[in-house]
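Read through the structure below, which is laid out as structure tokens, and then see the notes.
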Amino acid sequence: MEKVILSSHAVAYAVKLCRAQVITAFPITPQTAIIEKLAEFCATGELRARFIKVESEHSGMAALIGASSAGSRTFTATSSQGLALMHEVLHWAAGARLPIVMVNGNRALGPPWNLGPEHTDSLSQRDTGWLQFYCESGQEAIDTVIQAYRVAEEVLLPVIVALDGYYLTHTTEPIDIPEEAVVDEYLPPYHPKHKLDVADPKAFGGFAGPELYMEFRYKMFQAMEEAQRVAAKADLDFRRLFGRGYGLVDPYRLEDAELALVAAGTLASTAREVVDARRGLGEKVGLLRIRLFRPFPRAEVRQALARVSKVAVIDRAISFGHEGIVSQELKAALYGGEHRPLIYGFVAGLGGRDVTPEDLEEALDRAGKEGPEEEVLWLGIRL
Amino acid sequence: MARDKALKLLNTRDPALKGLLEVPEEEYMYSGHNACPGCGAAQAMRFVLKALGNQTINVLAASCWSGIAGVFPYSALKIPVLHTAFETAAAAASGVRASLDMQGDKETVVLAWAGDGGTFDIGLQALSGAGERNEDILYVCYDNEAYMNTGVHRSSATPYLAWTATTPVIHPQDRPKKDILAIMAAHRIPYAATASVAFPHDLIEKAGKAKGIRGTRFLHIYSPCTPGWRYSPELGIKIARLAVESKVFPLYEVEGGERYTLSYRPRAVPVREYLRLQGRFDHLREEEIGLIQEEVDRRWERLLRWCT
């Protein structure tokens, strides 16, 4: 059923369709309408779930660790400061191999206070052991939440579904809300092999010294590697049932491209327009949208960029002391491949600064030059 | 029956042995745990589980107990255990409860377990949240009055003028111990009580009473620590008993956040008797012991006013 709906509300519908059983939320600066809609679903009984109104994001994630360990399907949503506060327990959730799904409305961290869209909040959670998807539309958001549970519960790792703050969380678009019966077919009920159970008592998360700890981490690594295959299959199965799919990366007009833009999230929509405009001028330009960031789909990225000679990465994030975070990942992935295009790493749109078609035109122009002027290229700095 | 006869004899002859044979025989803790000799925290868990039985899930925050519970793949407890981060006992327990409720299991007791650091300090926010929501959990704080697992570092449960590794004798703990039971009472939770490993019958009775109540229940258990308090292992229970008898750690209950009931009337032993057995108070001068005595007496009078 297609509805003109707020993307945040669409996410709440996805959570309802996935029959999440325990939900936590805290209204940290800032929250989204996701939890408001879910609170309504739980209050009216449309969704049979316990909604715990926790006193912090940290407790929100800790409570989900408890609920997931006891065998429930779980959900929470957060943003920027809240995600940062959760950091410790993000590691814990992944280390405990719990298939928690969380939506993050990507927003800038303070100070200065800002709240505008930016990816640094979730990209800086890169090494916690969570899968990370970045969405371009409200439709993709609802679909990715449903896919996220499938993937999480198969590989036993938690998933962040990242939505650009405001551009996605606070905007309305026509969205097809999947049929409940089809979602049930796609996503079976969650029955974990191991859980807290008085009939079969086990201890979870106890001390493991150096003679064992590393093997726990190796198994996590393997699960994360396996997640690439599982995510690809989950997307294919989704396409078969719902007629829509997204891939782990999303190439656009790359077949014969010489210069590729690379971006994640809603920036890709602007980039597509710019690619089309340049194509109209006869320039061989394309776009690669990174949808799955963790695990980083190395093979797909290498394949998609196998013929381009130059890449202009537009990062809505920064790792101080190095460069844009997607740029960094991309360089690392391509260095391990046979084809190594020249990479221009741009930082743009921090704190919700608009990244306009003109900005991307500028990036393409600067990438047209012999080599990058600097290691890190900033777009639109007004100093 | 011989057992009934023995029970009757014990109950009538010696008040100190009252109820001894009523203590459940079942053990839910294995003997091969990792606690130090004379550890109060180990005894606290043993007694609490006797009262709760095996339909209990333990949510265990970072504490000495994270080690006592055993190294993977071993577990010292016969019930399910969820090890969690330092500040998360109450929050993770809330999640376990929510999950069990969703599975239709209202009977299993969710036991959140943390030390004084995980309760008075880093876990206080999560505990306050759970208490305010009146989560259906039993929260036990075993209080050994410092961060013992990390090397005897002071917590906000460390008593006035005590030595710890971070409050050296030239600058001992300079603030009074936080009143955690008053804090929990202020949340108007249905049940909060103090207990001591030196009064096992009272402890087991309170844990059993807490088991039968719905909503947030809080047990504050006084648990001596051999290395942290610097005493010889065989003195632990004696020190814990003296803490109660000297009114340093009174045994009482608070129901609904308002109804205070004294569980035991102490013999009013001078605090000196309690302090002198512990190396952590070795440095105290006479006038300092006097200050502690005055404060203990003042707090006792205040508690008595609340109990009436």
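Line by line, the protein sequences give chains A and B. Sequential numbering from 182 applies to the first sequence in our numbering. Sequential numbering from 617 applies to the second sequence in our numbering. For every residue, glycine included, the Cβ atom is placed at its ideal position computed from N, Cα and C. Given the structure is predicted, the values throughout are model-derived calculations rather than measurements.
DSSP puts residue i in a beta bridge; with which residues?
i      : result
A/K465 : Looking at the DSSP assignment, A/K465 forms no beta bridge with any residue, so it has no partner.
A/K184 : A/I356
B/G793 : Contrary to the premise, residue 793 of chain B reads as Lys rather than Gly in this sequence. None, per the DSSP bridge assignment.
A/P432 : A/L469
B/G731 : B/Y758
A/N285 : A/T259, A/A343
B/V675 : B/L698, B/A728
B/M718 : In DSSP, B/M718 forms no bridge with anything.
A/F388 : B/V687
A/I233 : A/T205
A/L440 : A/V466, A/K491
Measure the C-alpha to C-alpha separation of residue i and residue j and round it to an integer number of angstroms.
i      : j      : result
A/S143 : B/E821 : In the structure as shown, chain A starts at 182 and stops at 564, and residue 143 of chain A therefore has no counterpart that could be examined.
B/A708 : A/G552 : 52 Å
B/L833 : A/W273 : Correcting the residue identity first, residue 833 of chain B is Arg in this sequence and not Leu. If you take the alpha carbons of B/R833 and A/W273, they lie about 26 Å apart.
A/T213 : A/L312 : 21 Å
A/E542 : A/A333 : 38 Å
B/Y690 : A/Y394 : 15 Å
B/E874 : A/F501 : 53 Å
B/E911 : B/A667 : 34 Å
A/G286 : A/G252 : 26 Å
A/K197 : A/A362 : 12 Å
A/M182 : A/Y399 : 43 Å
B/N765 : B/G654 : 15 Å
A/E236 : B/R713 : 17 Å
B/T924 : B/Q741 : 31 Å
A/K383 : A/I495 : 47 Å
B/R881 : B/A801 : 21 Å
A/A206 : B/S710 : 13 Å
B/N670 : B/I695 : 6 Å
B/R662 : A/G517 : 56 Å
A/P293 : B/E871 : 46 Å
B/L900 : A/L377 : 48 Å
B/T877 : B/R915 : 15 Å
B/I905 : B/L891 : 8 Å
Would you mind reading off the limits of the beta strand (DSSP E) that contains residue i?
i      : result
B/F834 : 833-838
A/A380 : Segment: none, A/A380 is in no beta strand (DSSP E) and carries neither H nor E.
A/V411 : Here A/V411 belongs to no beta strand (DSSP E); instead the alpha helix (DSSP H) covers 391-423.
A/I204 : 203-206
Between residue i and residue j, is the Cβ-Cβ spacing less than 8 Å?
i      : j      : result
B/T582 : B/A762 : It is not possible to answer for residue 582 of chain B, since the shown part of chain B is limited to 617 through 924.
A/L440 : A/A529 : no
A/T447 : A/Y348 : yes
A/G247 : B/V675 : yes
A/R472 : A/L429 : yes
B/S812 : B/L858 : no
A/F397 : B/L698 : no
B/N750 : B/I829 : no
A/C316 : A/L271 : no
A/I204 : A/F256 : yes
A/T309 : A/A258 : no
A/V492 : A/P522 : yes
B/C652 : B/T774 : no
A/V456 : A/R434 : yes
Residue range of the alpha helix (DSSP H) that residue i falls in?
i      : result
A/S261 : 261-266
B/C680 : 680-684
B/Q609 : What is shown of chain B runs 617 to 924, which leaves residue 609 of chain B out entirely.
B/K827 : 816-827
B/I786 : Neither: B/I786 is in no alpha helix (DSSP H) and is coded neither H nor E.
A/T225 : 214-225
B/A692 : B/A692 -> no alpha helix (DSSP H), and no H or E assigned at all.
B/A746 : 740-749
B/A781 : Premise fails: B/A781 is in no alpha helix (DSSP H) and is neither H nor E.
A/I246 : 238-250
B/T810 : Where B/T810 is concerned, there is no enclosing alpha helix (DSSP H), although the beta strand (DSSP E) it sits in stretches over 807-812.
B/G767 : Careful: B/G767 lies outside any alpha helix (DSSP H) and carries neither H nor E.
B/W845 : 842-845
May I ask whether a heavy atom of the ligand NAD can be found less than 7 Å away from the beta carbon of residue i?
i      : result
A/V340 : Here there are no bound small molecules, and the ligand NAD is not part of this structure.
Runs of alpha helix (DSSP H) wholly within the region 526-564 of chain A (minimum 4 residues, chain order): Within the region 526-564 of chain A, the alpha helix (DSSP H) runs of at least 4 residues that lie entirely inside it are, in chain order, 538-548.
In chain order, each beta strand (DSSP E) run of at least 3 residues that lies wholly inside the region 442-523 of chain A: With a minimum length of 3 residues, the continuous beta strand (DSSP E) runs that stay inside the region 442-523 of chain A are 466-471, 473-475, 491-496.
Sequence ranges, beta strand (DSSP E) only - wholly within the region 854-924 of chain B, length at least 3: As far as the region 854-924 of chain B is concerned, its whole beta strand (DSSP E) runs of at least 3 residues are 868-871, 875-878.
Alpha helix (DSSP H) runs contained entirely in the region 296-372 of chain A, provided each spans 4 or more residues: Within the region 296-372 of chain A, the complete alpha helix (DSSP H) segments of 4 residues or longer fall at 301-304, 319-336, 361-367, listed in chain order.
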